[in-house]
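First comes the structure, then the notes that go with it.
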Amino acid sequence: MKNLAVLFVLLFGLISIAALAQKKSNSHKIVFQFTNANDTIQQKAFANQLNNLTAHWPKAKYEVVVYNMGLEFLMPKKSKHIAAIKALHEKGVRFVVCENTMKNRKITKDQLIPEVEYVPAGIAEIVEKQEQGWSYIKGGF
């Protein structure tokens, strides 16, 4: 009888671990850091990377934290990839901009596309996402 109870506990434990592993693999959350200047090759590559991931994991959560020179990626007057960014936004990709960078570079909200959201500090946003279990990827190359 004791052996049966031990076997039951072990079997239940293995099933629980397998269920947790399966649940984790289906709930991807990825935060990207994007700080590249107006380099159209890097911006195009980054947009392609995001398209590939959203096609592979359409239900995943994606957030792109943009600061420093990366803001040009989200500026209609400087970026050649606004249509791609808007299409990604429609797929659920969030683009968030660092307000510290905006202040330091004297960039106003009307200079950016309306699809962006704002955070007080870009690096702090990335750290907080990682603390919440998000995977971190440096965007571009």
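Numbering (mature numbering (1 follows the signal peptide of the UniProt record, and there is no 0)), first residue to last: -21 to -1, 1 to 120. Here a beta-carbon is modelled for each residue, glycine too, at the ideal position from N, C-alpha and C.
Quick one: grab the DSSP three-state call for ILE102. helix
Taking C-alpha atoms, which residue in LYS85, VAL76, LYS82 lies nearest to ALA103? VAL76
Rounded to the nearest angstrom, what separates PHE25 and SER58 at their Cα positions? 13 angstroms
Where does GLU107 sit, in a helix, a strand or coil, going by DSSP? helix
Please give me, in chain order, every unbroken run of the beta strand (DSSP E) with length at least 3 that falls completely inside the region 43 to 98. 73 to 77, 96 to 98
Can you grab the Cα-Cα spacing for the pair residue 125 / GLN111, in whole Å? Within the shown structure, residues of the chain are numbered from -21 to 120, placing residue 125 beyond reach of any answer.
Compute the Euclidean distance between the alpha carbons of LEU29 and LEU67, then round it to the nearest angstrom. 8 angstroms
Proximity of VAL95 and LEU53 at Cβ, strictly below 8 angstroms: yes
Let's see if you can read the secondary structure: which residues bound the beta strand (DSSP E) around LYS23? Careful: LYS23 lies outside any beta strand (DSSP E), inside the alpha helix (DSSP H) at 19 to 35.
From the DSSP output, read off the bridge partner residues of SER114. ILE9
Test: ILE61 CB closer than 8 angstroms to a CB of chain B: Among the chains in the structure shown there is no chain B, since it carries only a single protein chain.
Quick one: what's LYS40 bridged to in DSSP? LYS8
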